[in-house]
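Asker: Before we start, here is the structure in question, set down as structure tokens.
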Amino acid sequence: MKAKKSVMQLETVRVDNFRLEWSLSTLEDKFDPGDYTVNLDFNIAPLDESEQLYGIKLLLKVNERKTSTPFRAKTELYGTFRFTSEEISEERKARYLLLNGLSILYSFARGYFFAKLDSLPPDSRLLPTVNLLDLVEKKAAPKRENT
């Protein structure tokens, strides 16, 4: 079955300020990625509305305050997305960016971390899946309370 392309397409991805801190004493240990802590924050902004181009900045911190872990990491990812249809509403664009765009960037980050953590066994290199809908709702909650 032929897959239908999304009206929102990823144009570019950039990784900035990637910082990785190894804990050499724990490299031989096996770790359950489900125990890793992941902190995310994001911002979404129009880059060129006439071109239907939008940007997402994703700040990702893994195991930031943990001591017994094979690594701690922090990075920023920037994704540029273009909408291919001019007939899509602003509300629908926002939903695409918040859910699909964040999901695309976090999935990219998971693959990036997997590659960068090549000194660890494969099972220990997986970042956990996260509930992005919960993250979006929590970030939107203070804005709703202030209106």
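Under this note's numbering, the first residue of the sequence shown is numbered 687, with each subsequent residue one higher. We put the CB at the ideal spot given by N, CA and C, even for glycine. Just so you know, these numbers come straight off a predicted model, no measurement behind them.
1) Could you tell me which of Ala801, Ser709, Leu812 and Arg768 sits nearest to lysine 691, measuring between CA atoms?
2) Alanine 795 lies in the alpha helix (DSSP H); which residues open and close that run?
3) How would you label glycine 797, buried or exposed, when you count the other beta carbons within 10 angstroms and need 16 or more for buried?
4) If I measure Cβ to Cβ from leucine 739 and keep anything under 6 Å in the same chain, skipping five residues before and after, which residues do I get?
5) Kindly indicate the opening and closing residues of the beta strand (DSSP E) around arginine 705.
6) Which two residues bound the contiguous beta strand (DSSP E) that contains lysine 747?
Answerer: Looking at the coordinates:
1) Arg768
2) 788-802
3) exposed
4) Leu733 and Arg768
5) 694-708
6) 739-748
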